[in-house]
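In our numbering, the protein residues as written are 1 to 203.
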């Protein structure tokens, strides 16, 4: 079976990715599962640049697989778009998201609902076996809550409230989240690109 190698070691992210790409007819493996070790420096200034940096690094060590990578971030309007492309590294990569989330809520202390607007943005990059590169981008709009809510998802999900759904993205089921999330929408766009460019047949 042909396979897609995803340039991540994040188990929560891989669970979402496998659900979204379940109909694509390829085996979906993480770079770790593919036995690929790469020291990747994400020093791009955009989500697309960082996703391509990761995809290229893994593609250089893969054997003819399609390689996908993503870069995503939380952009909070009243904080000038922070943490943005630095979302994973905000307050240090080894800092727990419980601490990061508490810090962001504290920084928004006193900011009213209508000014707590934010979005999750995700860019997906693909490096095809022949070296061609593709990128897609999508976002989900919401607001920053006043406390963590929900035990699903990961990262900033417990503080990202989606007004239309009356829930944080951590309170959504996996299926619900994949339908509306930035990563889900960007991966759906990438599936369309792969069908056009690589002949991938979604069931």
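From the three backbone atoms N, C-alpha and C, an ideal C-beta is built for every residue, glycine too. Keep in mind the model is a prediction, meaning the values are calculated, not measured.
What did DSSP end up calling residue i once you bin it into helix, strand or coil?
i	result
residue 73	strand
residue 181	coil
residue 30	strand
residue 68	strand
residue 4	strand
residue 82	strand
residue 92	coil
residue 20	helix
residue 12	helix
residue 60	coil
residue 197	helix
residue 38	coil
residue 45	coil
residue 108	coil
residue 203	In this predicted model, residue 203 has a pLDDT of only 48, less than 50, meaning its place in the structure is not dependable enough to derive any value.
Suppose contacts are defined by Cβ-Cβ distances below 7 Å. Is residue i in contact with residue j by that definition?
i	j	result
residue 67	residue 34	no
residue 102	residue 121	no
residue 128	residue 193	no
residue 168	residue 196	no
residue 78	residue 29	no
residue 53	residue 64	no
residue 97	residue 155	yes
residue 100	residue 90	yes
Give the C-beta separation of residue i and residue j to the nearest angstrom, bearing in mind that I take them to be a contact with Cβ-Cβ under 8 Å.
i	j	result
residue 204	residue 61	With the chain running from 1 to 203 in the structure shown, residue 204 is simply not present.
residue 187	residue 144	About 24 Å; that fails the 8 Å criterion.
residue 119	residue 142	7 Å
residue 124	residue 190	5 Å
residue 55	residue 69	4 Å
Return the residue from the list the options that minimises the CA-CA distance to residue i.
i	options	result
residue 41	58, 107, 140	58
residue 93	10, 178, 193	10
residue 7	155, 26, 51	51
residue 158	13, 165, 170, 164	170
residue 47	74, 106, 173	74
residue 177	197, 77, 53, 152	152
residue 71	136, 25, 80	136
residue 113	161, 156, 86	161
residue 146	115, 108, 179, 183	108
Using a threshold of 6 Å, is the CB atom of residue i nearer than that to any non-hydrogen atom of the ligand NAP?
i	result
residue 164	This structure lacks the ligand NAP, and indeed carries no ligand of any kind.
(request) Note down, one range per segment and in chain order, each alpha helix (DSSP H) of at least 4 residues found wholly within the region 110–195. (result) 174–180
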